[in-house]
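The block underneath contains the structure these notes are about, expressed in structure tokens.
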DNA sequence: GACCGTTATATTTTGATAAATATAACGCCA
DNA sequence: TGGCGTTATATTTATCAAAATATAACGGTC
């Protein structure tokens, strides 16, 4: 039945792809990886566990979180040290909102890429034939 | 007169940014840097000069061009060695078309980002106030 | 045939970025 | 008090992509 959905690629074997991020004063504020990190923090309640689950160093995860917290003006994640479980990290309402906003725009973004791919012509190459040739 | 055009950023100080590329079988086929390289080749008629003008190593430029030529199925640039000027590189009709197609979609892409930024709410942070707090 | 500036290709070096490691502080609990 | 798992931070190490370097081939001109 001639696959009518999924990536048809317009017959050229090519498709448009892209990356999307929200830029703040010091560069990236929210991007794909950062949002996934926030989701993992929500899932595990721990920055260390979230980092491990993404096979990312704790330091890298901490730097990303620090960058987000600073640029947002308020914290996306509340952290605590010590205590019976050693400490933890918990998403704030702002953090939840950040995740939601990103995915919302990300979905629109992906839709545009899909649409662009569908509009893409059949192929870039054609005969080429540079005529007889002078000289 | 309250700047009404340019990047207002929706008052949040944030704006959506993105990268766009055309993906082929071996990854990127056409992206911003590759298209600029094609334009420089058209300008100079030489891959070496094009690379120098972008402060890019010749090898890197050659690799990019090779990747494009292979993935397109036909050449975007015709090269020649030796001769009075030592050789050269010249865009094919397909190469010209590739440049045009990329900028066409790139313009649409940038317009979408602009529109997304304009739609972006005023700020992610709000009171936050996590209420009285239990236990 | 020697020279020139180019394309073509391999190898070495560098530099930026992420990872790995180490250490300290925290605060509860046994 | 000592131990636990965490956050927080600095320092060292490893990785990998880009650059730099080197060399050859090409085909015209002189």
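Residue numbers (the numbering used here), protein chains in the order written: chain A, 1 to 135; chain B, 136 to 270.
The C-beta atom is built at its ideal place from N, Cα and C for all residues, glycine as well.
*Can a CB atom of chain B be found closer than 8 angstroms to the CB of residue 116/A?*
For this step, residue 116/A is matched to residue 116 along the first chain. Chain B contact via Cβ: present.
*Could you pull out every unbroken alpha helix (DSSP H) segment of at least 4 residues lying fully inside the segment 224 to 257 of chain B, listed in chain order?*
228 to 254
*Using a Cβ cut-off of 9 angstroms, which residues of the segment 14 to 36 of chain A contact any Cβ in chain B, in chain order?*
Of all residues in the segment 14 to 36 of chain A, only 14, 15, 16, 17, 18, 19, 20, 21, 22, 23, 24, 25, 28, 29, 30 come within less than 9 angstroms of chain B when Cβ atoms are compared, listed by chain position.
*Return the CA-CA distance between residue 12/A and residue 237/B, expressed in angstroms with no decimal places.*
By one-based count along the first chain, residue 12/A stands at place 12. By one-based count along the second chain, residue 237/B stands at place 102. If you take the alpha carbons of residue 12/A and residue 237/B, they lie about 15 angstroms apart.
_7 angstroms Cβ cut-off: residues of chain B touching residue 98/A_ = Position 98 of the first chain, counted from the start, is the residue given in the question as residue 98/A. For the C-beta of residue 98/A, the chain B residues within less than 7 angstroms are, from N- to C-terminus, 259.
*Closer than 7 angstroms, Cβ to Cβ, to anything on chain A: give me those residues from the segment 187 to 207 of chain B, in chain order.*
207
*What is the DSSP secondary structure of residue 153/B, counted as helix, strand or coil?*
Stepping through the second chain from its first residue, residue 153/B is reached at position 18. DSSP places residue 153/B in strand when its eight states are reduced to three.
*Can you tell which of 150/B, 202/B, 156/B, 231/B has its C-alpha closest to the C-alpha of residue 178/B?*
For the purposes of this step, residue 178/B is identified with residue 43 of the second chain, where counting begins at 1. Among 150/B, 202/B, 156/B, 231/B, the Cα nearest to that of residue 178/B belongs to 231/B.
_Sub-8 angstroms separation of residue 185/B and residue 169/B beta-carbons_ = Within the second chain, residue 185/B is the residue found at index 50, counting from 1. Within the second chain, residue 169/B is the residue found at index 34, counting from 1. Their beta carbons are not under 8 angstroms apart, which means residue 185/B does not touch residue 169/B by this criterion.
*asked:* Let me check understanding here. Comparing Cα to Cα, which of 197/B, 208/B, 187/B lies closest to residue 214/B?
replied: For the purposes of this step, residue 214/B is taken as residue 79 along the second chain, with counting starting at 1. Among 197/B, 208/B, 187/B, the Cα nearest to that of residue 214/B belongs to 197/B.
*Selection from 242/B, 222/B, 193/B, 229/B that minimises the alpha carbon distance to residue 206/B*: Stepping through the second chain from its first residue, residue 206/B is reached at position 71. Of the candidates 242/B, 222/B, 193/B, 229/B, the one whose C-alpha sits nearest the C-alpha of residue 206/B is 229/B.
*Alpha carbon to alpha carbon, how far is residue 161/B from residue 234/B? Give it in angstroms, no decimals.*
Along the second chain, read from residue 1 onward, the residue named residue 234/B stands at position 99. Along the second chain, read from residue 1 onward, the residue named residue 161/B stands at position 26. Approximately 20 angstroms between the Cα atoms of the pair.
*Environment of residue 115/A [buried if 16+ CB atoms lie within 10 Å]*: As a position in the first chain, residue 115/A is number 115, starting the count at 1. With fewer than 16 other Cβ atoms within 10 Å, it is exposed.
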